[in-house]
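All letters in the sequence shown, in the order written, are residues 1 to 460 by our numbering.
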Amino acid sequence: MTSKQPGESQSDLLWLQWTGSAGAMIMLFVCGMMGGWTSPYLAKLTSQDSPLPITSDEASWVASLLNFGRLIGAVPGAVSVHYFGSKRTLFLNGFSLIVGCVCTIVADSVIWLYVARLISGLCLGMSYSSFPLYLGEISSPATRGALVTLASTGLSVGVLAGNVVGAYVSMTVFAYITLVPTTVFMLLFLWMPESPHYFIRLDKIEEARKSIARYHPGVNVEVELKSLQDFIHAIQSRTFADKLREFNVPANRKAGIIVVLLYVFMQLSGVNSVLFYLEIILTKGRLTIISPAKMVIIGGATAIFGGLTTVYLAAKCGRKTLLIASCVGVAVSLVILGTDFALLSNGFDSAQLQWTLVSSVIIYHIFVYMGLCPVPNIVLSELFAPNIKNMAACFASISVGLFAFISTKVYQPLVNIMGEAYVFWMHAAFMVMVIIFTLTAMPETKGKSLQEIQAILHKK
Numbered sequence: 001m002t003s004k005q006p007g008e009s010q011s012d013l014l015w016l017q018w019t020g021s022a023g024a025m026i027m028l029f030v031c032g033m034m035g036g037w038t039s040p041y042l043a044k045l046t047s048q049d050s051p052l053p054i055t056s057d058e059a060s061w062v063a064s065l066l067n068f069g070r071l072i073g074a075v076p077g078a079v080s081v082h083y084f085g086s087k088r089t090l091f092l093n094g095f096s097l098i099v100g101c102v103c104t105i106v107a108d109s110v111i112w113l114y115v116a117r118l119i120s121g122l123c124l125g126m127s128y129s130s131f132p133l134y135l136g137e138i139s140s141p142a143t144r145g146a147l148v149t150l151a152s153t154g155l156s157v158g159v160l161a162g163n164v165v166g167a168y169v170s171m172t173v174f175a176y177i178t179l180v181p182t183t184v185f186m187l188l189f190l191w192m193p194e195s196p197h198y199f200i201r202l203d204k205i206e207e208a209r210k211s212i213a214r215y216h217p218g219v220n221v222e223v224e225l226k227s228l229q230d231f232i233h234a235i236q237s238r239t240f241a242d243k244l245r246e247f248n249v250p251a252n253r254k255a256g257i258i259v260v261l262l263y264v265f266m267q268l269s270g271v272n273s274v275l276f277y278l279e280i281i282l283t284k285g286r287l288t289i290i291s292p293a294k295m296v297i298i299g300g301a302t303a304i305f306g307g308l309t310t311v312y313l314a315a316k317c318g319r320k321t322l323l324i325a326s327c328v329g330v331a332v333s334l335v336i337l338g339t340d341f342a343l344l345s346n347g348f349d350s351a352q353l354q355w356t357l358v359s360s361v362i363i364y365h366i367f368v369y370m371g372l373c374p375v376p377n378i379v380l381s382e383l384f385a386p387n388i389k390n391m392a393a394c395f396a397s398i399s400v401g402l403f404a405f406i407s408t409k410v411y412q413p414l415v416n417i418m419g420e421a422y423v424f425w426m427h428a429a430f431m432v433m434v435i436i437f438t439l440t441a442m443p444e445t446k447g448k449s450l451q452e453i454q455a456i457l458h459k460k
């Protein structure tokens, strides 16, 4: 859509776009820290010398309320983007994070932790409803993918940072530390201009011109303005009911079912349960060759490695191949992990099971973040036409929040009923089901146009 004029340097074009991406990355980094907070502090809160003792049932609520907040934050995020703009929505999220930190600092009962986790989850849900739109609105076509990828890395890096910091400091100190990147984000976004799309929707044409000039220096502002006006007016002419009716089209309905199922499969892998309860899992597994807290950190680092391999493999392998390989690796790791707990419950010497426990955790983190986590997002971006993609993304955000909340909340009750071994074996069996679905019902989208994908969906 944008075109450079002669003599324009690459740095002139990109610097404010990259600054916006860096700001979104910091926001997601803080959200990731809230996710990484869970494993070390659940272990501390449920220990005998806990400064704030909680029961296992209360721990399940502390773990799951983050995802419940993400669920209910998806829709307000989309509404806020419509009325206040994507940039302002992201900026306002900073205040939510501050409130969540303050609740943690003053927490003298589990209720304060519930509130803090719920607010942090709200911020996560609103962030995922706004940051892709913000970056899509300010970026040039050639940089859009890189900007979104950069911002998205903030979440996994934040999870690792939460694991590391949480292993060594108190909850109060953790909350104060979290305030630092939150403040940096808010100071950075305070002076960032709103996107031209937002100003055009409000018919503030002069402000839109200034925004285009700042985000895209060197382009023909009037040509870009006219192009954006035509695009936005075409979108605004379609009502919410019109967009909903698009899902009556068989191909779109099938695409929606496939995407929702992919997000269900992500949770059936146990990713949130393992992420949030990992230190407790390792402690119950009697890990001694390395402290459970340090193993959690290693798991977070291998998760980042798994995510980075996806950047390379997604360009080389089909989506189905990536998902099947991920399911196989996750199933193997969960079978090993479940067998480890079964042997322990039958009196097997834990000293002889140390490396099976460590290897299962490492294999799990690499493979779950190699396919089961990224593939639903990739397929979501490929199955839908542009006119309904935002609505599909909103539904997907609600779905992932709902399934993540359910899977996290029921983990501890299932362990109490069945024991760890059968819970992990159950997740491994689910992965076999996902492989069967992928082979028989999921379309391959790599390298195909939207028209080709729609034709495949019509045939299935």
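Glycine residues also receive a C-beta, built at the ideal position from the N, C-alpha and C atoms.
Cβ-based neighbour list, residue i, same chain, cut-off 6 Å, excluding 5 preceding and 5 following
i, result
"A22", "none"
"V296", "S39, N163, L278 and E279"
"A43", "E279 and I280"
"K284", "none"
"G69", "L118, G121 and L122"
"V368", "S269, V271 and V330"
"F424", "L334, L337 and G338"
"M391", "K243"
"C103", "W112, V115 and A116"
"G318", "E444 and K446"
"S9", "For S9, the predicted model reports a pLDDT of 43, less than 50, meaning its position is unreliable; a value from the coordinates is still stated below. If we look at S9 and ignore the five residues flanking it on each side, it has no Cβ neighbours."
8 Å CB neighbourhood of residue i in its chain, flanking five on each side removed
i, result
"E137", "S86, S195, P196, H197 and Y198"
"S109", "L52"
"S449", "none"
"L313", "L322 and M370"
"Y422", "G338"
"S56", "T46, Q412 and N416"
Neighbour-count burial assignment, residue i, 16 or more Cβ in a 10 Å radius
i, result
"S11", "Unreliable positioning characterises S11 in this predicted model, as indicated by a pLDDT of 43, which lies under 50. A coordinate reading is not provided."
"W15", "exposed"
"E444", "exposed"
"V223", "exposed"
"M433", "exposed"
"N377", "buried"
"R253", "exposed"
"W37", "buried"
"M25", "buried"
"T288", "exposed"
"I200", "buried"
"F348", "exposed"
"H82", "exposed"
"K226", "exposed"
"P6", "Confidence at P6 is low in this model, with a pLDDT of 40, below 50, so the placement of that residue should be treated as unreliable; the coordinate-derived value is given next. It counts as exposed."
"L187", "exposed"
"T440", "exposed"
"M418", "exposed"
Closest by C-alpha distance to residue i, when choosing among the options
i, options, result
"F247", "F424, A441 and A385", "A385"
"G300", "I98, A392 and V165", "V165"
"H365", "P376, M426 and V274", "V274"
"K161", "V148, T178 and L45", "One point to set straight first is that residue 161 is Ala, not Lys, in the sequence displayed. Taking only the C-alpha atoms, the option nearest A161 is T178."
"I435", "S381, G371 and T408", "G371"
"F84", "R117, Q229 and Y134", "Y134"
"F437", "D349, F265 and G347", "F265"
"A241", "I388, L414 and Y422", "I388"
"D230", "V62, Y114 and D203", "D203"
"G35", "T19, V157, S50 and T55", "V157"
"V260", "V148, S130, R286 and G401", "G401"
"L65", "I258, Q48 and F276", "F276"
"R492", "L282, M192 and I290", "With the chain represented from 1 up to 460, any question about residue 492 goes unanswered, as that position is not in the structure."
"K409", "W355, L357, E58 and G154", "E58"
"G256", "Y128, A393 and F189", "A393"
"F430", "I324, S50 and F405", "I324"
Cβ shell of residue i (< 7 Å), same chain only, five flanking positions each side left out
i, result
"K459", "none"
"M126", "G73, P76, G77, S80, T89 and N93"
"L343", "L353"
"L262", "V375, P376 and V379"
"Q454", "A251"
"V332", "I363"
"R286", "L344 and S350"
"C373", "M266 and V271"
Review point. Which residue spans inside the region 288-352 form an unbroken alpha helix (DSSP H) run of at least 4?
Key: 292-316 and 319-345
Exercise for review: Entirely within the region 186-221 and at least 4 residues each: give me those alpha helix (DSSP H) ranges in chain order.
Suggested key: 196-201 and 205-215
Check your understanding: What residue ranges within the region 113-171 form continuous beta strand (DSSP E) runs of no fewer than 3 residues, ordered along the chain?
Key -> none
Check your understanding: Could you give the uninterrupted runs of the alpha helix (DSSP H) lying entirely in the region 349-411, keeping only those of 4 residues or more?
Key -> 354-367 and 374-383
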